[in-house]
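**Q**
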Amino acid sequence: MGVDVAYKDENALTVGVLFSWPELKQQNIFYRVDKVHFPYIPTLLSFREGTIIIRFLKNLPMKPNLLMVNAHGIAHPLKCGCASYIGLLTDTPTIGVAKRVICGEIIKSKDENITYLQYDNKNIGAILNSDKKSKEIVVSPGHRVSLKTAIQITIKTLKSYRLPIILEEAHRKAAKLLLELLN
DNA sequence: GCGACAG
DNA sequence: ATCTTGTCGC
């Protein structure tokens, strides 16, 4: 399931789109509206969006096998980004995909065809589409998923958009529903 | 002290 | 993220 949040003043619309694997066919769409209770502060996205997404997840009629969030996982100064936070508190395998690096340095592997994000002398994430800056994304493990698996799964969900189709669809649906419900 | 800073 | 027209690039 891909999840994203769209905002309108103090209201937050969370949308989750469930996909089949590995066919990647859209199965179901869920959404929920909540009030925002925390401002956006870099490195503290969990307190704003994490709390909202967790509330959304706990009210679902089912439990996703895997969650993809538009945020960082362990590629975070405290090794606990919003994707990690969400996966941890809902006990769900989670992958974080962001559009910009928040910490660490980009290192091209000598023997692998992978561009890693290193921090504290460890690979905490990977840069995909690193050859094209306008399309590059940062992938990192959120919870119960290894970096290797996070990279493999994310690559398989990349289509014609910058973000994985799972997140792209959640983002679009959120924007569309926001107009219908909160405008 | 200065700059950078996911969504 | 959101506010917003035209516009540069693939």
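Take any residue in the first sequence, note its place counting from 1, add 2, and you have its number in my numbering. Built from N, CA and C at the ideal position, the CB exists for glycine as well. Computed from a prediction, not measured in an experiment: that's the story for all the values here.
What's the gap between the Cα of ASN30 and the Cα of GLY127?
**A** Answer to the nearest angstrom: the Cα atoms are 29 Å apart.
**Q** Any idea which residues DSSP pairs VAL71 with across the strands?
**A** Answer is VAL5, GLY98, bridged to VAL71.
**Q** If you reduce the DSSP assignment to three classes, tell me which class GLY89 lands in.
**A** In this structure, GLY89 counts as helix in the three-state DSSP scheme.
**Q** Is SER86 near HIS145, with beta carbons less than 8 Å apart?
**A** Yes, these two residues count as a Cβ contact at 8 Å.
**Q** CA-CA distance, LYS135 and VAL103?
**A** Looking at the two C-alpha atoms, the distance is approximately 12 Å.
**Q** Going by DSSP in three states, GLU107 sits in which element: helix, strand or coil?
**A** In this structure, GLU107 counts as strand in the three-state DSSP scheme.
**Q** For SER22, is the classification buried or exposed, using 16 other Cβ atoms within 10 angstroms of its Cβ as the cut-off for buried?
**A** Label assigned to SER22: exposed.
**Q** Counting along the chain, where does the alpha helix (DSSP H) carrying ALA77 start and finish?
**A** No alpha helix (DSSP H) holds ALA77; DSSP gives it neither H nor E.
**Q** Could you tell me which residues DSSP pairs with ASN123 in its beta bridges?
**A** Answer by DSSP bridge pairing: none, since ASN123 is not bridged.
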